[in-house]
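Enquirer: Numbering (my numbering), first residue to last: 89 to 389.
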Amino acid sequence: MTSSAIFLILFSTLLHAAWNMYSRKFRATSSSFAIGGFAVSTLLLPFYLYFIALMPDIRYENILLIVLSSLFQACYFFGVVNAYKYGNLSLSYPLLRSIPILMVLIYVWVFGNIKTVSNIAIISSLLIVLGCILLPMRHLKDLKLENYANKMFVFVLIAALGTAGYSIVDSLGVKLLAANSPHVHITMVAFNYIYLQLLFTSFFLTVISMSKKSYRTEFVTVIKQQKLLCTGISVMTMLSYAPILVAMTLVTNVSYVVAFRQASIPIAFLLGVFILKEMNYSIRWLAVLLIVIGLVMNAIY
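Right, here's the structure in full:
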């Protein structure tokens with residue numbers, strides 16, 4: 089990967105780990121991200137109207153990809169907030185971040201061009217996944233299927249599917265939008281893309297929030313008591329993903345970005361242990377070491 093892509097992804101991972109920590113700490117819900125998303129999109133509307141006037145080349149296929157990506161984003165947020173209900177940050181976060189690596193590699197192997205991914209990059213990705221599998225454990229003997237047969241893991245899979253989905257779609261979408269607007273700087277392209285994505289994702293999350301009476305009650309409570317907190321978290325989510333969209337235009341294959349984004353896992357682990365005071369064991373430090381080795385290999389090769 090280029091140094092620019094590495095820098096953008098590292099900056100993103102810091103914010104990503106931070107907003108996940110706050111989401112876990114303050115028990116964020118789908119309503120939280122829906123309300124925060126609408127608040128941020130309202131604040132940024134004047135900038136969007138200015139930028140969109142400079143790039144009138146957004147076509148039907150661009151909007152279609154953004155809507156599809158937003159559906160996957162909504163699945164991701166729904167999975168994340170529910171996974172945190174049944175598991176702590178240092179356990180659930182590594183799983184929901186690592187499983188998409190395998191999903192994207194399988195997609196690239198089946199539908200894409202696996203030759204654009206080096207063998208060392210594949211090995212580094214598998215090291216990251218192995219580290220993430222070990223990270224939630226207390227001992228090696230905990231490596232049993234029954235330990236993953238729980239509600240937390242179900243929602244982790246939903247979030248992972250969402251992550252893999254929007255990563256693949258966004259890699260196509262942002263490159264297509266940039267190709268349709270060759271005269272526009274990539275940062276402006278990324279802003280317009282992520283603004284529309286935020287708007288549609290908030291809409292889909294609102295639909296989820298209206299689907300049950302308990303969710304509707306929760307939605308009203310969040311508006312009354314946590315709207316500023318939700319806005320702050322949504323600002324972090326947007327700032328953490330905008331650099332990723334730019335980085336996607338700088339790599340040969342989206343699997344590199346998905347794998348290197350997992351630099352947020354050691355950060356989230358440390359935040360969980362030292363700030364949220366979650367339990368840690370020796371095997372978890374070994375797991376973090378494997379992840380870091382995988383990240384370094386991914387960045388170099």
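Positions of the beta carbon are idealized from the N, C-alpha and C atoms, including for glycine.
Could you check the C-alpha separation between residue 110 and residue 334 for me, to the nearest Å?
Expert: 25 Å
Enquirer: CB-CB under 8 Å to residue 336, same chain, minus the five flanking residues each way: which ones, in chain order?
Expert: Result list for residue 336: 258, 259, 262, 263, 342 and 345, in chain order.
Enquirer: Mapping the DSSP letters down to three states, classify residue 385 as helix, strand or coil.
Expert: Three-state DSSP puts residue 385 in a helix.
Enquirer: Under three-state DSSP, which class holds residue 149?
Expert: helix
Enquirer: Looking only at its own chain, which residues have a Cβ that is under 7 Å from the Cβ of residue 156, when we skip the five neighbours before and after it?
Expert: 257
Enquirer: Counting only runs that start and end within the region 202-286, where is the alpha helix (DSSP H) found for 4 or more residues in a row?
Expert: 207-222 and 239-268
Enquirer: For residue 325, which three-state DSSP category applies?
Expert: helix
Enquirer: Does the region 198-213 come within contact of the region 166-185, defined as at least 3 CB pairs closer than 8 Å?
Expert: no
Enquirer: Look up residue 309 in the DSSP assignment and say whether it is helix, strand or coil.
Expert: helix
Enquirer: Taking buried to mean at least 16 other C-beta atoms within 10 Å of its own C-beta, is residue 161 buried or exposed?
Expert: buried
Enquirer: Could you check if residue 226 is buried or exposed, using at least 16 other CB atoms within 10 Å of its CB as the buried criterion?
Expert: exposed
Enquirer: Out of 284, 316 and 247, point me to the one whose CA is closest to residue 172's CA.
Expert: 247
Enquirer: Label residue 128 either buried or exposed according to how many other C-beta atoms from any shown protein chain fall within 10 Å of its C-beta, with 16 as the threshold for buried.
Expert: buried
Enquirer: Does residue 125 come out as helix, strand or coil in the three-state DSSP assignment?
Expert: Here residue 125 sits in helix by DSSP.
Enquirer: Quick one: what's got a C-beta closer than 7 Å to residue 283's C-beta in the same chain, skipping five residues either side?
Expert: Residues of the same chain with a CB within less than 7 Å of the CB of residue 283, apart from the 5 flanking positions on each side, are 129, 132 and 136 in chain order.
Enquirer: Closest to residue 376 by C-alpha separation, out of 218, 329 and 317, would be which residue?
Expert: Nearest option by C-alpha distance: 218.
Enquirer: Quick check for students: name the residue ranges of the alpha helix (DSSP H) that lie wholly in the region 161-201, counting only runs of 4 or more.
Expert: The alpha helix (DSSP H) runs of length 4 or more contained entirely in the region 161-201 are, from start to end of the chain, 177-198.
Enquirer: Per the contact definition of three or more C-beta pairs closer than 8 Å, is the region 300-318 in contact with the region 140-153?
Expert: no
Enquirer: Span of the alpha helix (DSSP H) holding residue 299?
Expert: Note, residue 299: premise wrong, no alpha helix (DSSP H); not H, not E.
Enquirer: When burial is assigned at 16 or more other CB atoms within 10 Å of the CB, is residue 91 buried or exposed?
Expert: Residue 91 should be labelled exposed.
Enquirer: Cutting at 7 Å between CB atoms, please list the residues of its own chain near residue 272, excluding the five before and the five after it.
Expert: 142 and 143
Enquirer: Counting C-beta neighbours from all protein chains within 10 Å, is the total for residue 122 16 or more, i.e. buried, or is it exposed?
Expert: buried
Enquirer: With a cut-off of 8 Å on the beta carbons, I'd call residue 327 and residue 125 a contact; round off their distance for me.
Expert: Wrong, their Cβ atoms sit about 13 Å apart, outside the cutoff.
Enquirer: Classify residue 95 as helix, strand or coil using the three-state DSSP reduction.
Expert: helix
Enquirer: Between which two residues does the alpha helix (DSSP H) harbouring residue 339 extend?
Expert: From DSSP, residue 339 is part of no alpha helix (DSSP H); its letter is neither H nor E.
Enquirer: For residue 109, which three-state DSSP category applies?
Expert: helix
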